[in-house]
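Chemist: Chains A and B, in that order, are what the protein sequence lines are.
Here the first sequence is numbered in full-length UniProt numbering, starting from 1 and rising by one per residue.
Here the second sequence is numbered in full-length UniProt numbering, starting from 1 and rising by one per residue.
What follows is a single structure, and I will ask about it in a moment.
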Amino acid sequence: MTAPLHDTSAAEPAAVATPEVPQKAIEGRSPWQIAWLRLKRDKVALAGGVIVLLLILVAIFAPLIVKAFGHPPEELHEDLLDPLLGLPVGDWGGMSGDFLLGIEPVNGRDVFSRIVYGARISLLVAFLSAFVAVSLGTFFGIVAGYFGGWVDAAISRVMDLLLAFPQLLFIIALISVIPNKLWGFEGSGLRIAVLVLVIGFFGWPYIGRIVRGQTLSLREREYVEAARSLGAGRFYILFRELLPNLVAPITVYATLMIPTNVLTEAALSFLGVGVKPPTPSWGETLSTAVRTYEDDPLFMIFPGVAIFITVLAFNLFGDGVRDALDPKGSR
Amino acid sequence: MLAYFIRRIFSVIVMLLVISLVTFGIFFLFPKMIGTDPALYFVGKQSDPIAIEGIRQKMGLDDPILVQFGKFVVGLVAGRTYANGPDVTQCAAPCFGYSFKTEQEVWPLLLDWLPVTLSLALGAVVLWVIGGVATGVISALKRGTVLDRSAMGIALAGVSLPIYFTGMLVIAVFSDQLGWFGRPDATFAEDPGRWFNGMILPWVSLAFLYAAMYARLTRATMLEVLNEDYIRTARAKGLTEPVVIGKHAMRSTMTPILTVLGLDLGALMGGAVLTEYTFSLHGLGYSAVRAISEHDLPVILGITLISAFFVVAANLIVDLMYAVIDPRVRLS
Numbered sequence: 001m002t003a004p005l006h007d008t009s010a011a012e013p014a015a016v017a018t019p020e021v022p023q024k025a026i027e028g029r030s031p032w033q034i035a036w037l038r039l040k041r042d043k044v045a046l047a048g049g050v051i052v053l054l055l056i057l058v059a060i061f062a063p064l065i066v067k068a069f070g071h072p073p074e075e076l077h078e079d080l081l082d083p084l085l086g087l088p089v090g091d092w093g094g095m096s097g098d099f100l101l102g103i104e105p106v107n108g109r110d111v112f113s114r115i116v117y118g119a120r121i122s123l124l125v126a127f128l129s130a131f132v133a134v135s136l137g138t139f140f141g142i143v144a145g146y147f148g149g150w151v152d153a154a155i156s157r158v159m160d161l162l163l164a165f166p167q168l169l170f171i172i173a174l175i176s177v178i179p180n181k182l183w184g185f186e187g188s189g190l191r192i193a194v195l196v197l198v199i200g201f202f203g204w205p206y207i208g209r210i211v212r213g214q215t216l217s218l219r220e221r222e223y224v225e226a227a228r229s230l231g232a233g234r235f236y237i238l239f240r241e242l243l244p245n246l247v248a249p250i251t252v253y254a255t256l257m258i259p260t261n262v263l264t265e266a267a268l269s270f271l272g273v274g275v276k277p278p279t280p281s282w283g284e285t286l287s288t289a290v291r292t293y294e295d296d297p298l299f300m301i302f303p304g305v306a307i308f309i310t311v312l313a314f315n316l317f318g319d320g321v322r323d324a325l326d327p328k329g330s331r
Numbered sequence: 001m002l003a004y005f006i007r008r009i010f011s012v013i014v015m016l017l018v019i020s021l022v023t024f025g026i027f028f029l030f031p032k033m034i035g036t037d038p039a040l041y042f043v044g045k046q047s048d049p050i051a052i053e054g055i056r057q058k059m060g061l062d063d064p065i066l067v068q069f070g071k072f073v074v075g076l077v078a079g080r081t082y083a084n085g086p087d088v089t090q091c092a093a094p095c096f097g098y099s100f101k102t103e104q105e106v107w108p109l110l111l112d113w114l115p116v117t118l119s120l121a122l123g124a125v126v127l128w129v130i131g132g133v134a135t136g137v138i139s140a141l142k143r144g145t146v147l148d149r150s151a152m153g154i155a156l157a158g159v160s161l162p163i164y165f166t167g168m169l170v171i172a173v174f175s176d177q178l179g180w181f182g183r184p185d186a187t188f189a190e191d192p193g194r195w196f197n198g199m200i201l202p203w204v205s206l207a208f209l210y211a212a213m214y215a216r217l218t219r220a221t222m223l224e225v226l227n228e229d230y231i232r233t234a235r236a237k238g239l240t241e242p243v244v245i246g247k248h249a250m251r252s253t254m255t256p257i258l259t260v261l262g263l264d265l266g267a268l269m270g271g272a273v274l275t276e277y278t279f280s281l282h283g284l285g286y287s288a289v290r291a292i293s294e295h296d297l298p299v300i301l302g303i304t305l306i307s308a309f310f311v312v313a314a315n316l317i318v319d320l321m322y323a324v325i326d327p328r329v330r331l332s
């Protein structure tokens, strides 16, 4: 008992003879590792994650996929349409080995390649606008929460105002007055840029509110006080002390914001103010379907199901991420 | 209490002013940037220059934007007189101006569209509150069972479906193929039976989307509430399960649901854009999309203001209701 510590520790393994067991029991895990372990056990969320990954791969390799299995997305095949009705010749919307998902009514484009290319627009707009919303929301939320006073009052007022806007109407109005050429952008590039900015801009107050609330509670913590007493500057505290502790809630809301953005982009393109044809987008394809679905109902199924699967996969994955990062939530 | 109320009303008015100013700015400044003249929208492209000049004078389209905006606000409150020499038009309060496209007064148009939007929103809200809350409560009580899992699976699918896709699907199946329901092509005044039959599909599709959200929210809230100490106390003192759930747990569960409900209903009363568009219901949302594509500024401004009014009013009502539902909340 009175022997020096290093003596006991050196002698013990020999005495007990099973050294592995106690070592295995004490394994340090960071919060992120714990969250990852929890997420790995959630099979449904993982399935969602795998589908999301596949969709991203489809979007990236769209040209290769279409080269192998389809026709260029903007190529017209009017010879395959019934000249009187504008509907594809043949059963099932003109589905065949050559046109996997059939032919678009009226224009005669390959539905398969338009769906594959549509994933690009959908995911690009959803991710970039979520990035815009998260950046703005984090910055203004953290500043409002940390500085308080009139800064907080001003930012909170602006957030309230944006949330009170009839958003969809406003986005439509804003996009509809934007000319075809602006700041050196034109065509679908400009459209996509505008969609990203507008959707992101109207999304930031949701993140901003959450970040502000979290910051309010975090700024009173001892470690922030410690940093301040060591002479850390405001921005050091904001971005090196507070921000890392906000990453978890921000991640959760960013993942759950992406499916909403997919739906918004599709809705805008459906209403004719998003991406303009011939650029392929799921919403735009559905708006073409509005005119023909009573004669060719199969055509609207594909873009609709594409949107549905994408949004569902992101929702499943997002729910899993939330449960993994926030163990208090009950399922 | 009174001071609180006055302050809130004041902030509502400020908010509405800012929203209309921003809308005004977008439609005034952007045409200038791309070099079109708002007066052109009003008289049509082929009119002679004198007519255009006359319109511009009469509508005050040459005034600086803030002057135009000021006149617009005054017109809302006190009515407005448009005059260009002997050509005088009187527009009674609340004056939203005249449609650039049809030259009709905007306020009566808004009053025409509002009942369509309201009947869609109110019909759907009844369905989704009953369906969504009941599903959520049952799911929470039967947590982990097949019933719960399938209900939540359907709810998750429901929130992932775009309304215009479900709308087209139900029209294709129930209206075109089976012929059970008609399309919304009659007003209530014309033929109540036909109107009701036509509204069923829009109501159900819109309600399904919201019911899915409310079922998820209700279930999560209910599960949280059931873990509270006071529920255990209620059970421990021998209350029956229906009383514990129905009286004790439901009260706390309803607070967040009523909050969201107020805001959702407020947003929908300003126009369910996508639903109205899919089912060709000529309400505020449908008309807004059309007005936007026609650059009909006065109509857009009118609809935006009405929508914003409903959202802001819903916010206020929800805040006031907090004090009623939850006596611990003090308004200040």
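C-beta atoms are modelled at their ideal positions from N, C-alpha and C, and glycine is treated no differently.
1) What residues from chain B crowd round Gly304 (chain A), counting only those whose CB sits closer than 9 Å?
2) Would you list the residues sitting across from Asp110 (chain A) in a DSSP beta bridge?
3) Give me the Cβ distance between Val116 (chain A) and Val66 (chain A), rounded to the nearest whole Å; I'm assuming they're in contact under 8 Å.
4) Can you look up Ala3 (chain B) in the DSSP assignment and give me helix, strand or coil?
5) Helix, strand or coil: which one does DSSP assign to Val14 (chain B)?
6) Would DSSP call Gln177 (chain B) helix, strand or coil?
7) From Arg149 (chain B) to Ala211 (chain B), what does the alpha carbon distance come to, in whole angstroms?
8) Buried or exposed: which applies to Gly318 (chain A), given that a residue is buried once 16 or more other Cβ atoms fall within 10 Å of its Cβ?
9) With 8 Å set as the bound, which would you pick, yes or no: does the beta-carbon of Phe165 (chain A) sit closer than that to a beta-carbon of chain B?
10) Please identify, using Cβ separations under 8 Å, the residues of the segment 2-15 of chain B that lie next to chain A, in order along the chain.
11) What whole-angstrom Cβ distance do Arg219 (chain B) and Gly136 (chain B) have, given they're in contact under 8 Å?
12) Pick helix, strand or coil for Arg80 (chain B), following the three-state DSSP scheme.
13) What in chain A is Cβ-close to Ile292 (chain B), meaning under 7 Å?
14) At what residues does the alpha helix (DSSP H) containing Ile307 (chain A) begin and finish?
15) Quick check on Tyr98 (chain B) - is its C-beta less than 8 Å from some C-beta in chain A?
16) Quick one: is Thr304 (chain B) near chain A, going by C-beta distance under 8 Å?
17) Which partner residues does Tyr98 (chain B) have in the DSSP bridge list?
18) Taking Met300 (chain A) as the query, report the chain B residues whose CB atoms sit under 9 Å from its CB, ordered along the chain.
19) Roughly how many angstroms separate the alpha carbons of Leu16 (chain B) and Lys276 (chain A), rounded to a whole number?
20) Under 8 Å, do Tyr293 (chain A) and Phe302 (chain A) count as touching if we go by C-beta distance?
21) If I'm right that Pro162 (chain B) touches Leu263 (chain A) with Cβ under 8 Å, what's the distance once you round it to whole angstroms?
22) So what does DSSP say about Thr145 (chain B), is it helix, strand or coil?
23) Would you call the segment 258-267 of chain B in contact with the segment 228-239 of chain B, where contact means no fewer than 3 C-beta pairs closer than 8 Å?
24) How would you label Leu268 (chain B), buried or exposed, when you count the other beta carbons within 10 angstroms and need 16 or more for buried?
25) Could you tell me the distance, in whole angstroms, from the CA atom of Gly148 (chain A) to the CA atom of Asp191 (chain B)?
26) I need the DSSP call for Thr89 (chain B), collapsed to helix, strand or coil.
27) Roughly how many angstroms lie between the CA atoms of Val151 (chain A) and Gly137 (chain A), to the nearest whole one?
28) Hey, out of B:Thr253, B:Ile19, B:Leu2, whose CA is closest to Asn227 (chain B)'s CA?
29) Give the interface partners of Pro259 (chain A) over in chain B, defined as CB-CB distance under 9 Å, in chain order.
30) Is the CB of Tyr293 (chain A) under 8 Å away from at least one CB in chain B?
31) Sorted by chain position, which residues of the same chain lie with C-beta nearer than 7 Å to Gly304 (chain A)'s C-beta, five sequence neighbours on each side aside?
32) With a 10 Å radius around its C-beta and 16 neighbouring C-beta atoms as the bar for buried, classify Asp326 (chain A) as buried or exposed.
33) Can you list, in chain order, the residues of its chain with a C-beta nearer than 6 Å to that of Phe188 (chain B)? Leave out the 5 residues immediately preceding and following it.
34) Pull out every residue of the segment 137-161 of chain B whose Cβ sits closer than 8 Å to any Cβ of chain A, in chain order.
35) When DSSP labels each residue in this structure, what does Lys71 (chain B) get in the three-state scheme?
36) Express the C-alpha separation of Leu258 (chain B) and Ile130 (chain B) in angstroms, rounding to a whole number.
Modeler: By the coordinates alone:
1) Close partners of Gly304 (chain A) in chain B (Cβ separation under 9 Å): Leu161, Pro162, Tyr164, Phe165, Thr166, Met168, Leu169.
2) According to DSSP, which records beta bridges pairwise, Asp110 (chain A) is partnered with A:Ile103.
3) About 6 Å separates the two Cβ atoms, so the contact holds.
4) Here Ala3 (chain B) sits in helix by DSSP.
5) It is helical.
6) Note: Gln177 (chain B) maps to helix in three-state DSSP.
7) So the two alpha carbons sit approximately 16 Å from each other.
8) So Gly318 (chain A) ends up on the buried side.
9) Taking Cβ atoms only, chain B reaches closer than 8 Å to Phe165 (chain A), which makes this a yes.
10) Hits within the stretch, in order: Met15.
11) Your pair Arg219 (chain B) and Gly136 (chain B) checks out as a contact, with CB atoms roughly 4 Å apart and the cut at 8 Å.
12) In the structure shown, Arg80 (chain B) sits in a strand (DSSP, three-state: E or B).
13) Ile172, Ala173, Ser176, listed in chain order.
14) For Ile307 (chain A), the enclosing alpha helix (DSSP H) has its first and last residue at 298-325.
15) Not an interface residue.
16) Output row for Thr304 (chain B): interface = yes.
17) DSSP lists B:Glu105 as partners of Tyr98 (chain B).
18) Under the 9 Å cutoff, chain B gives Phe165, Met168, Leu169, Ala172.
19) A straight-line Cα-Cα distance of about 33 Å links Leu16 (chain B) and Lys276 (chain A).
20) No.
21) The C-beta distance from Pro162 (chain B) to Leu263 (chain A) rounds to 6 Å, short enough to meet the 8 Å contact threshold.
22) If DSSP states are grouped into helix, strand and coil, Thr145 (chain B) belongs with coil.
23) Using a Cβ-Cβ distance cut-off of 8 Å, the segment 258-267 of chain B and the segment 228-239 of chain B are not in contact, since fewer than three pairs of beta carbons, one from each stretch, lie closer than that value.
24) Classification for Leu268 (chain B): buried.
25) Their backbone Cα atoms lie some 58 Å apart in a straight line.
26) The DSSP-derived three-state label of Thr89 (chain B) is strand.
27) Using only the alpha carbons, I get a separation of about 15 Å.
28) Among B:Thr253, B:Ile19, B:Leu2, the Cα nearest to that of Asn227 (chain B) is on B:Thr253.
29) Within 9 Å Cβ-Cβ: Val159, Ser160.
30) For Tyr293 (chain A), the answer is yes, since a Cβ of chain B falls inside 8 Å of its Cβ.
31) Residues Leu286 of the same chain have their beta carbon placed closer than 7 Å to that of Gly304 (chain A), with the five preceding and five following residues left out of the count.
32) Counting Cβ neighbours within 10 Å, Asp326 (chain A) comes out exposed, since fewer than 16 surround it.
33) Apart from sequence neighbours up to five positions away, the residues of its chain that approach Phe188 (chain B) with a beta-carbon distance below 6 Å are Trp195, ordered along the chain.
34) When CB distances to chain A are screened at a threshold of 8 Å, the residues of the segment 137-161 of chain B falling below it are Leu156, Ala157, Val159, Ser160, Leu161, in chain order.
35) Secondary structure at Lys71 (chain B): helix, using DSSP grouped into helix, strand and coil.
36) When rounded, the distance between both Cα atoms is 13 Å.
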